[in-house]
Amino acid sequence: MMMKRVKKHISGISKGAPSGFIASLAIHAAVLFLAGMLVVFNVVKKEEKKFVPPKPVDRPKMKLKKPKVKIKKSAQPRLTHRIVTKVQKAGIPEIQLPEMSGIDGMLPGDIGGFEILPDTEELTVFGSGQTIGSDFVGTFYDLKRDRRGRTIPMDPDNFAIIMGNFVRRGFRTSVLAPYYRSPKKLYATTVCIPPLQSALAPQAFGEDDTLGYCWAVHYSGQLVYPEDIRFRFWGMGDDMLVVRVDGEIVLIANWPDGVVEASMASLWSSSSADSRKYPLGNNTSVVGDWIELKAGEPLDMDVLIGEAPGGIFAALLCVEVDGVEYERNPYMNGPRLPIFKTARPSLDLVDVIHVDLNEGEASVREGPIFNDLARTEGDSTRRIEPVTVTVHPVPPSNRETENRLRNWTVKGKTIEAELVTRLGRQLLLKNTRNKQVRVSMADISNADRLYVELADPPAFNINFSRISEQRPPPPQSPFLNEDQRHIRISDYKFGVRIRQKTSDEYNHPVTVEYFALAKEVSGDKFKLIERRRETFIPSEENGRSFEFHGKKVRLKEYATRQLGNPRGLDYGGYLVTLTDTNGRIIQHETSHEFLFRYLENLKKLKIGSYLNERCERVTPTRPDKSNYYSP
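Take any residue in the sequence shown, count from 1 to its spot, add 162: that is its number in my numbering.
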């Protein structure tokens with residue numbers, strides 16, 4: 163009997179399986195994969211945390227008191243005092259070894275300690291560039307140019323018409339709007355401009371290229387006094403001086419019989435019998451109307467000055483207080499009145515005015531001061547004494563000093579001796595038994611080595627330089643029929659060049675300071691016109707030399723009358739000092755030995771001060787009689 167073979171079937175996917183089955187299987191697999199992803203994302207995603215602030219904590223509060231600061235009221239700013247380094251008396255034992263921190267990390271060849279001493283802005287009779295609060299603001303107009311600065315036709319007749327219209331219409335600035343107005347303002351506490359060449363006037367406002375005719379300056383401010391006062395102005399203008407108070411004209415003191423006077427003749431006239439009777443400046447003065455001021459009640463005030471044809475310009479405004487007796491002018495017996503002022507004049511301003519103001523014509527510092535704090539000043543200009551100073555002899559240079567005993571450290575041992583001299587890298591010392599000992603520089607301590615370097619500085623060549631450039635005189639006004647008066651303008655630039663004579667190392671600061679002076683053309687006084695100092699360290703990198711220069715300084719020489727003597731300033735001399743790190747002068751060079759002899763006095767003076775041959779401050783030489791007005 164035959165048996166049948168039974169085949170065992172194994173379940174699985176076999177080749178040639180139906181495609182529908184395979185597609186169904188793929189779909190199920192995809193569904194399972196997506197479901198797994200959803201589960202994963204749901205697990206990973208974290209719930210955002212919400213911040214719950216804690217409950218506020220009560221803290222005790224301190225009661226703070228508002229600090230009270232006392233403020234001192236002042237009618238005018240205090241003068242700035244320059245602090246200068248005193249020169250110590252020379253003597254080797256007095257040398258103090260400098261700390262390295264004092265050099266501020268300077269390396270050899272670096273320039274350190276740079277300093278320009280305060281250079282105050284030039285003060286003129288027209289005002290200065292800085293206000294003190296009680297001054298009048300001055301605006302300069304040039305009627306020969308339009309408002310953009312372009313030249314336009316202008317002559318004295320048309321100038322007079324325009325200025326007359328300006329006064330007639332109540333000083334409305336719109337009348338002068340078509341003409342050039344300088345951007346530079348000046349602040350004046352006085353209206354006291356002695357006779358000067360009108361070509362120099364625009365330069366005070368930085369208008370060096372403006373010709374000296376058909377220009378005007380309008381000052382505006384407030385008239386106030388701390389007490390009730392009754393007074394009147396006296397004035398003289400060449401060509402124009404007009405004063406208006408509280409909207410009313412109180413004085414017109416224009417040049418008599420001039421075109422400006424004719425344009426304003428109908429606007430105001432003096433009622434005083436003393437008008438046009440006494441000399442002031444370069445003509446006679448006009449007496450104004452009486453003015454009554456109530457204590458502390460300010461009134462608006464305007465002052466107008468200007469020049470029509472050119473030549474000489476002047477504007478002087480004085481004050482007569484009702485009931486006050488004044489000294490008589492030694493020239494034609496007129497009253498010696500105080501000038502109008504709104505602040506106590508500084509010595510600098512007094513000098514600027516006195517340079518060209520005839521002696522005895524007016525008092526600069528006495529009389530009322532028109533602000534709400536000051537009162538009447540006593541006369542202090544009759545004779546201003548030189549500044550009282552204690553004259554200290556200038557210490558001699560180190561080469562002139564005698565060495566004294568000190569302790570030296572030589573090869574670790576201490577000896578007491580004095581330095582006799584230095585011979586290259588060798589020292590010659592003298593001990594307490596008067597025995598001379600030769601010591602090598604390599605065997606002494608660093609402190610001793612520093613002492614020797616400071617005690618025996620190298621010699622320097624000192625060259626003071628001055629570069630001068632003579633400027634052409636201002637062009638003559640086309641409306642003058644006379645020869646131009648003498649005028650010379652020179653620009654100077656000063657400087658110093660220092661060079662060490664030897665190649666010895668001297669790695670210590672050296673302060674170089676110079677003083678430049680001018681001298682009066684018609685007097686014997688000097689004027690300090692520049693002072694500068696800088697510090698350097700001699701080194702191989704800078705060739706052991708140093709050079710620096712100052713700013714341009716302008717000097718003028720002029721005459722205000724055809725036959726008058728010239729006045730002004732010319733170059734006068736210099737002083738250069740070299741000072742070591744201990745403040746001891748190691749060398750100097752000068753044109754006049756008195757400058758070095760009285761150096762301590764010289765250091766006390768401000769730029770612009772006049773001085774004598776003891777370096778004491780004095781007033782400038784006043785004009786001689788050739789400059790007085792003669793009717």
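In this text, a Cβ means the ideal position worked out from N, Cα and C, and glycines have one as well. Being a predicted model, the structure only gives us computed values, none of them experimental.
- In this structure, Pro636 places its C-beta atom within 9 Å of the C-beta atom of Gly374.
- Per the coordinates, the alpha-carbon of Gly485 lies some 21 Å from the alpha-carbon of Asp534.
- Excluding sequence positions up to five before and after Gly685, its CB lies within less than 8 Å of the CB of Pro782, Thr783, all in the same chain and listed in chain order.
- Straight through space, the alpha carbons of Ser652 and Arg716 are spaced by roughly 6 Å.
- Annotation for Phe502: Thr352, Val353, Cys354, Phe395, Leu479, Cys480, Val481, Phe532 place their beta carbon closer than 8 Å to its own, counting only its chain and skipping 5 residues before and after.
- The beta-carbon separation of Ile467 and Leu403, rounded to 6 Å, stays under the 8 Å limit for a contact.
- Counting C-beta atoms within 10 angstroms of its own C-beta, Ile660 has 16 or more neighbours from the protein chains shown and is therefore classed as buried.
- The secondary-structure analysis by DSSP pairs Lys575 across a beta bridge with Val572.
- Under DSSP, Asn623 shares a beta bridge with Arg661.
- Runs of the beta strand (DSSP E) spanning 3 or more residues and lying entirely within the stretch 363-388 occur at 377-385, in chain order.
- In the displayed model, Leu509 falls within a helix according to three-state DSSP.
- Per DSSP, Asp319 is not a residue of any beta strand (DSSP E); the alpha helix (DSSP H) it occupies stretches across 318-330.
- In this chain, the alpha helix (DSSP H) harbouring Glu755 covers 755-759.
- Cβ atoms of Leu455 and Tyr381 stay farther apart than 8 Å, at about 18 Å.
- Per DSSP, Tyr668 lies in no alpha helix (DSSP H) segment and is marked neither H nor E.
- With a beta-carbon spacing of about 12 Å, Gly399 and Gly450 fall beyond the 8 Å limit used to define contacts.
- Contact check for Lys718 against Arg650 passes: the beta carbons are separated by less than 9 Å.
- Going by DSSP, Tyr349 is part of the beta strand (DSSP E) stretching over 348-350.
- The stretch 410-424 makes contact with the stretch 319-331: 3 or more CB pairs, one atom from each, lie closer than 8 Å.
- With a 10 Å radius around the Cβ and a threshold of 16 neighbouring Cβ atoms, Arg647 comes out buried.
- Taken atom to atom, the span from the alpha-carbon of Pro492 to that of Gly522 is near 6 Å.
- Contact between Pro619 and Ile748 is confirmed by a C-beta separation of about 5 Å, below the 8 Å threshold.
- Two segments are said to touch when three or more pairs of C-beta atoms, one from each, lie closer than 8 Å; by this definition the stretch 663-682 touches the stretch 693-704.
- Closest option to Glu778, judged by alpha-carbon separation, among Pro785, Lys768, Gly745: Lys768.
- The alpha-carbon separation between Tyr303 and Thr752 amounts to approximately 45 Å.
- In the structure shown, His648 adopts coil according to DSSP, grouped into three states.
- C-alpha of Arg587 to C-alpha of Phe688: approximately 47 Å in a straight line.
- The straight-line gap separating the alpha-carbon atoms of Thr743 and Asp464 is approximately 55 Å.
- The stretch 569-583 makes contact with the stretch 591-605; the number of CB pairs closer than 8 Å reaches 3 or more.
- DSSP places Glu410 in the uninterrupted beta strand (DSSP E) bounded by 410-414.
- As a beta-bridge residue in DSSP terms, Ala680 pairs with Lys689, Tyr733.
- DSSP places Ala524 within a strand segment (E or B) once states are collapsed to three.
- Between the alpha carbons of Leu305 and Thr741 lies a gap of roughly 54 Å.
- DSSP, read as helix, strand or coil, puts Tyr303 in strand.
- One alpha carbon belongs to Glu615, the other to Gly730, and they sit about 47 Å apart.
- Distance from the CA atom of Asp610 to the CA atom of His750, rounded to whole angstroms, is 26 Å.
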